[in-house]
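For reference, the structure is listed below as structure tokens.
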Amino acid sequence: MSIESIIKGKVVEAISACYGQKVEEESVQIQKTRREFEGDLTVVVFPFLRFSKKSPEETANDLGNYLQENIEAIPSFNIVKGFLNLVIDNTYWLSILNEAVKTDNYGFIPLVEGAKKVMIEYSSPNTNKPLHLGHIRNNLLGYSVAQILKANGYEVIKVNLVNDRGIHICKSMLAWLRFGEGETPESTGIKGDHLVGKYYVKFDQEYKKEIETLVTSGMDTDEAKKKAPLLLEAQEMLVKWEAGDEETVALWRKMNDWVLAGFEITYKTMGVDFDKVYFESDTYKQGKAIVMRGLEEGVLYQKETGSVWANLESDGLDHKLLLRDDGTSVYMTQDIGTAYERFDEFKIDEHIYVVGNEQNYHFQVLSLVMGKLGYEWHDKIQHLSYGMVELPEGKMKSREGTVVDADDLMKEMVNTARETSEELGKLSGYSKEEAEDVYYKVAMGALKYFILKVDPKKNMMFNPKDSIDFNGNTGPFIQYTYTRIQSVLRKAKENGVEIPEFAKKDLNISEKESFLIQMLANYPNVIKDAGRDTSPALISNYVYDLSKEYNQFYHDFPMNKEENEDLRNFRFVLSKQVAGIIKSGMSLLGVSLPERM
RNA sequence: GGUCCAGUAGCUCAGUUGGAUUAGAGCAAUAGCCUUCUAAGCUAUAGGUCCCAGGUUCGAGCCCUGGCUGGAUCACCA
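So for the first sequence, numbering that gives the first Met the number 0 puts the first residue at 0; every next one is plus one.
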């Protein structure tokens, strides 16, 4: 039981004892005492004035006396205005520290039988071009949220839905046929997804040329866009693909395999993975039967031309198309089908889709339509909607070449990490492989932290110059804090110091030290909040604050040089615990830590 | 035009059931600290009408109303 809930309970008792009134525990507000005042925890007494019918100071005094008498860990208190500042005994904090040390996976809720089952879909790439910065945010968020939910005791299933069919895929296929001269990843040494992406761009270039030619020969621009031979041919290709034309399907398969092999490498570098991968080519027809049933039941309607619609006017939205005139599926139809299948097959309690905020409307509609169709789980569809990644020069646009390629970016981060490290010359004694491993960890730590520290729902600015900064509020700063601790512990070992598992409880510790313990004690709450809000940013901020506090402590308090053995050992135990929490928190972000840097 | 999201220091961001005269970090700027556990660190200075106007109350960056600005979206594309 945490000290906060003990105090809350006692405050309720106190109100009852002093004023004969009943209050709810939730109405008791406890917060950290502000730095400028003496004390550790503060009870806000304003809400109780109507029970006490006394001044804030008198009320605080009544409560303070009661708490001091009834809680051993409170040796004294003081009152500032309507704030009751409680001093918590060092012994108490030290026992909290030891308690945390004792607990495996401190702050994590273990997975038990019957745990809440959550599916999380993320990544969802198109197989016509390589992954870019936007995908990076998506992947990192998806992976991290999955980690956070696991830490909250959920059973988590990570899935990916690969968009491997459609006109955009045919475009790169066609361009490769026309201009590729048989190029393969092997023959060119180009990573498969980049090679295919090259032909996607090529298609667009040639397509534009055709439009231009048609326009100069007198055609209207809009018409030219529709009549350009390349586009017509791509559309024809899609028809052939859907009809199962052998040659087309073989080409499609070959090029998709190139792309998927490329993605595999990118995912591995990013450190993300999936429990199950779906392919749109398997699922795109799904949902049609469900829509037809909805039509029969009268919750959907059909237009004269044959298309099927949902009327969402009563929910303040428009009409939404679910099947085309020709009876084929649209994007929404597929999602209806896969959502049904997933809830049915996996008996999940919740489904989170990690998708950009440009699709807020889509997911709002998906949930409403599922509700109309009578699925009671329709409100368990959760859209983890994240903001766009913007560049200093504006939005990323694939066609204008302003995208930041995922592979390039990660490579550049590693290069910068290498340069910085070599400049500082800190890895002497490391082999080349060991050093490269550190560069990779630092680089990815920087990138992941940079992206995950921002509240997911907000648009974020990605300034490449800032992202490779390794000072201040960055991943490497946190990693560095960790390596400092490791260094101290190594030094202790060299000195032949046996670090005990627990700290002695009757120590006189400084405010800084007790504050660090309080921060550590708050970690479980942070995990809970991050899970509730599906926000890795909460973890990031917490770990950063903890690291910053620790660095101040590190600067001011000697450890290996401390002569008081008990105090020294306490600091080792504290440091070890801080390192453990940093490692744990960073693992929730998918960031791994080097032992030296 | 409808709907949703955002607006906090020059820049990037924190600020979670409304709480303390002084709204926090980092970057950038300036000035300091390495014969002492890793200076990718620490300390200090400077930098703010929390978009605007009303309202709610003991108290508002946070809640309510109205407006302004920016973004997203409203396809027989995915």
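Don't be surprised by glycine CBs; every beta carbon is placed ideally from N, CA and C.
Check	Outcome
Simplified DSSP state of Thr102, which is helix, strand or coil	coil
CA-to-CA distance, Ser513 to Asp565, given in whole angstroms	15 Å
In DSSP terms, what Glu232 is bridged to	Answer by DSSP bridge pairing: none, since Glu232 is not bridged.
6 Å Cβ shell around Ala13 - same chain, five flanking residues per side excluded	Leu62 and Tyr65
Extent of the continuous alpha helix (DSSP H) run through Met409	Ala405 to Leu423
Buried or exposed by the 16-neighbour rule on C-beta atoms within 10 Å, applied to Thr482	buried
The stretch 496–504 touching the stretch 102–120, judged by at least three CB pairs closer than 8 Å	no
Exposure label - Thr473; buried when at least 16 CB within 10 Å	buried
Pair within 8 Å by beta-carbon distance, Glu3 and Asn162	no
C-alpha gap between Pro74 and Glu497, whole angstroms	33 Å
Lys275, buried or exposed, once every other Cβ within 10 Å from all chains shown has been counted against 16	exposed
Buried versus exposed, by CB contacts within 10 Å (16 or more), Asn104	exposed
The beta strand (DSSP E) enclosing Lys116, as first and last residue numbers	Lys116 to Glu120
C-alpha distance - Ser1 paired with Gly38, whole-angstrom precision	17 Å
Three or more C-beta pairs below 8 Å linking the stretch 533–543 and the stretch 452–466	yes
Burial state of Arg605 (16 or more Cβ within 10 Å)	An answer regarding residue 605 cannot be provided, because it is not within the stretch 0 to 596 covered by the chain.
Start and end residues, beta strand (DSSP E) containing Ile70	Run containing Ile70: none; DSSP gives neither H nor E here.
Cβ pair Lys287, Thr337 closer than 8 Å	no
Residue nearest to Asp256 in terms of C-alpha spacing, selected from Met585, Ala405 and Thr183	Thr183
Per DSSP, cross-strand counterpart(s) of Ala309	Lys319
contact_flag[the stretch 164–179, the stretch 249–263] where n(CB pairs < 8 Å) is 3 or more	yes
Burial state of Ser313, where buried means 16 or more other Cβ atoms lie within 10 Å	exposed
Outcome for Asp272 when other beta-carbon atoms lying within 10 angstroms are tallied against a minimum of 16	exposed
CA nearest to the CA of Tyr549, picked from Asn559, Gly315, Glu180 and Leu573	Leu573
First through last residue of the beta strand (DSSP E) which encompasses Val276	Lys275 to Phe278
Residue from Leu140, Ala150 and Val100 with nearest C-alpha to Pro109	Ala150
Closest residue to Val329 among Gln485, Gly355 and Trp308 (Cα-Cα distance)	Trp308
Alpha-carbon to alpha-carbon, Gly179 and Lys128	15 Å
Close-in-space but distant-in-sequence residues of the same chain around Ser439 (CB under 8 Å, 5 per side omitted)	According to the sequence shown, residue 439 is Tyr rather than Ser. Excluding positions up to five away in sequence, the list reads Val413 and Ala416.
Reduced DSSP secondary structure (H/G/I, E/B, other) of Gly188	coil
Pair within 8 Å by beta-carbon distance, Thr533 and Ile351	yes
Beta-bridge partners of Leu194, as assigned by DSSP	BP columns for Leu194 are empty, so no partner.
Extent of the continuous beta strand (DSSP E) to which Phe82 belongs	Phe82 to Val86
Where the alpha helix (DSSP H) through Gly355 begins and ends	Run containing Gly355: none in the alpha helix (DSSP H); it sits in the beta strand (DSSP E), Glu349 to Gly355.
Bridge-paired residues (DSSP) for Ile380	His350
Three or more C-beta pairs below 8 Å linking the stretch 341–350 and the stretch 318–329	no
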